[in-house]
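The block underneath contains the structure these notes are about, expressed in structure tokens.
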Amino acid sequence: MGLAKLAKISIIAPKAEVEDVIKELFKFGDFHPVEQEHDSIDKNLEEMLERVKKIELALDMIINDFGIKSEIGVIDSIIKGVKVERHTIEAEDVKGLVDALESEAGPIISELRELSSKIDLITKEIQKNETLLSVLRLLKDLRIAPSALSTLRRTYAVFAVVPIRDLQEIKRSLPEAAILHVTLTKTLSATLFVASAEDAERVERVLKGFGVKPFTLPEWLPGTIPEAYATVESKLVELNAELSDVKQKLNSILENSKEKILSLKEGASILKESLERLKTTGRLKRFATIEGYVPYEKSGELARMFSGKYPVYVSKVETLHTGEHGAAHTESPPTLLHNRGIAKVFENVTNIQGLPGHGEIDPTPFVALFFSIFYGIMFADFGQGLVLMIFGLFMRMRTKGRLRDWGTLLAVLGLSSSIAGFLLGECFGFKLSNWGIASPELVHLVEEHAGVKELNLAAVQKLLQFTIMLGIMHLTLGYSLSAYRHIRNREYLEALTSKIPTILMYIFGVLFALAFFGAGGISQMLTSQNPAPFIGLPSSLVGTIGMGGGIACIFVLILGRPIANMLTRKGGFVGAAGMGLLEVLENIIHFLSNTISYARLTILLIVHVALLMLLNNVWYALGLLSLPILIIGNLGIMALEGLIVFIQSLRLHLYEFFTKFFEGNGKPFKGLRSETTYVDIKIK
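Quick note, the sequence shown lines up with residues 506 to 1189 if you use the numbering used here.
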């Protein structure tokens, strides 16, 4: 469980045989190439990379332009199920894969581009003829012949199609002319200019300045307006029919080739990413150096693949450290998580914060345990938990990939809620005993007095104490993992002067708090013989240990690093002591705020119980008639509270737990054979 062990592989081969090496690495699959900057680039691989980029770009434009959904929606996956016909791209080598990709994608890209261009041309032609038809309709209705306007002697008249944006400026430039206009489209207007014959030259000059020309019938149209109108109308019918045929053909190709387009796009993306990472071949003149990481258990298999052909150097990647006895490492290996069973699906929760870096502790196993417990407590209901579990199992059956993992996660959380609900005796807000199911009912949260149901404050107090203690365990684990990480990375001074004293300070602080509550106040804390909660020992003893231990830890935090600086002659005393004092104050604030945060476990459970109590009053009032209301109400509470509880469980991990030891700056291990949705890439 946790982080998988990796091995670093270095392969040295003649540059002429680089493609043969890459072919074998593609077949192997689980090889994460090291991206080497400022190294020489293999020209053949770079040429293949450029070809793949062009294909990917063209396919990406097609997917965006035609609105092809590249991902299957969550709702569609659950309702309809996932039925993807995977496409296989197979070749003898990497160059063959690129050739196969081009040969399959090329015809589809060309045909779709041709049809798209044809649609654009026809659409423009339709728009042009629609404008012409509007002009002819106007002339026909007004019985105006543009050619007859030029025969007028005392009056100068011009009929033209003018851009609307220029119309007002033209009016201001020709105050002596009468201008009549009718809007044809959003941008064009049919306009008749009338002026005296003396102003003809000026009108012509102004119109010419705006690029306005007198309207004339195109040469391909008959000479009369009615005949021209009928011809354009007939042509528009033909153009619309042609456009419909081309669109139908385009839609047919898209429908039949949609999954193939997505598979080719996915294949191009994988090849592009792999070639980008493999194109650098080291700094040797005649030999190529290919470096990368593989799972340690597969390093022997990869070495045997190249044995007798090329030198292969295998080195186990050790835990990196920057401790007092070691130099800082600049190498940053990828992260490969190796969790199994139920813990694996909780990697989705860990990944929200980020992947653990190499040398970090993978928190996923701890997340799997505590996240389930927290969710179960806040959503404790036997019936609703079963519904959530069944929904999660159904989602797991109907989906694939990450959605399948989320389905499993929901099923686990539903099971946890059912167990907690069984222990509390809750089922859809009713007692389990009402359903004929025996339950231990560890805590009676609801009690009834004279027919009135109300919360049991004593039970709420017990539950609050339990959840606070659970939070203390969670925080102590986080602080302990922080100390363990520093010790494992050989940062002994930091562990001894900061991390271990912080853990002990927190534990002693908890003992101090228990003694305070056991004694009933601080005045009797060192003398009272009352038992401290949860421990049973006298409060005076527990208080003395807590106070003495806490003060000792504070002294270590303030003076530990300064004294170490004096002994090693590294750093100053005053500055380190000041930082230690700030750390003590920060610890006190965090101890209080982080611990109190776990009270939300009880609070959200109370909210859950109260909502169901309110809803179930309908049952006592209406009986069987209330079933629709109960069903809808329970579904609403499950949807709303299920999400809120998930967010709160997540918050307790992100802000209270992870901040103690986890950074999440790792980069994922990406093999050459990635998990895909639509395509299988194979080398024979």
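Yeah, the Cβ is synthetic: ideal placement off N, Cα and C, and Gly gets one too. Model, not experiment: these values are computed from the prediction.
Where do the ends of the beta strand (DSSP E) carrying residue i lie?
i	result
residue 865	Counting along the chain, residue 865 falls outside any beta strand (DSSP E), and DSSP gives it neither H nor E.
residue 1148	Run containing residue 1148: none in the beta strand (DSSP E); it sits in the alpha helix (DSSP H), 1132–1156.
residue 959	957–960
residue 818	817–821
Can you give me the start and stop residues for the alpha helix (DSSP H) that residue i sits inside?
i	result
residue 790	Neither: residue 790 is in no alpha helix (DSSP H) and is coded neither H nor E.
residue 595	Taken as a continuous stretch (DSSP letters only), residue 595 belongs to no alpha helix (DSSP H), being part of the beta strand (DSSP E) at 592–596.
residue 1006	1005–1024
residue 851	Looking at the DSSP string, residue 851 is not in any alpha helix (DSSP H), and its letter there is neither H nor E.
residue 664	Taken as a continuous stretch (DSSP letters only), residue 664 belongs to no alpha helix (DSSP H), being part of the beta strand (DSSP E) at 660–668.
residue 588	Careful: residue 588 lies outside any alpha helix (DSSP H) and carries neither H nor E.
residue 908	906–929
residue 527	523–533
residue 806	804–811
residue 654	651–654
Looking only at its chain, what residues have a beta carbon closer than 6 angstroms to the beta carbon of residue i, apart from the 5 residues adjacent to it on each side?
i	result
residue 1172	839
residue 1033	1024, 1044, 1045
residue 614	563
residue 783	527, 538
residue 1000	988, 991, 992
residue 826	Note that residue 826 scores a pLDDT of 48, beneath 50, so its modelled location is shaky; the value from the coordinates is reported in the next line. Taken in chain order, the residues that qualify are 994, 995.
residue 897	912, 915, 916, 919
Flag this pair as yes or no: are the beta carbons of residue i and residue j separated by less than 9 angstroms?
i	j	result
residue 881	residue 921	yes
residue 988	residue 1004	yes
residue 1010	residue 932	no
residue 803	residue 535	yes
residue 928	residue 944	yes
residue 799	residue 511	yes
residue 894	residue 916	yes
residue 888	residue 926	yes
residue 950	residue 961	yes
residue 936	residue 948	no
residue 496	residue 1103	In the structure as shown, the chain begins at 506 and stops at 1189. Residue 496 is therefore absent and cannot be evaluated.
residue 792	residue 517	yes
Helix, strand or coil for residue i? Go by DSSP, reduced to three states.
i	result
residue 688	strand
residue 843	coil
residue 724	coil
residue 949	coil
residue 701	strand
residue 1183	coil
residue 517	strand
residue 1031	coil
residue 899	helix
residue 739	helix
residue 1067	helix
residue 1173	strand
residue 551	helix
residue 1002	helix
residue 989	helix
residue 1103	coil
residue 637	helix
residue 509	coil
residue 838	coil
residue 539	coil
residue 1038	coil
residue 693	strand
residue 628	helix
residue 785	strand
residue 941	coil
residue 546	strand
For residue i, which residues in the same chain have their Cβ closer than 8 angstroms to its Cβ, ignoring the five residues on either side in sequence?
i	result
residue 711	675, 678, 679
residue 504	This structure cannot settle anything about residue 504, because the visible part of the chain is limited to 506 through 1189.
residue 620	751, 754, 755, 758
residue 764	589, 590, 592, 1183
residue 1149	1109
residue 1131	1123, 1124
residue 651	644, 664, 719, 720, 721, 722
residue 1180	906
Leaving out the 5 sequence neighbours to the left and right, which residues in its chain are closer than 7 angstroms to residue i when beta-carbon positions are compared?
i	result
residue 649	664
residue 717	665, 667
residue 766	564, 567, 568, 573, 613
residue 819	512, 514, 804, 808
residue 852	842, 844, 869
residue 1063	1082, 1085, 1086, 1089
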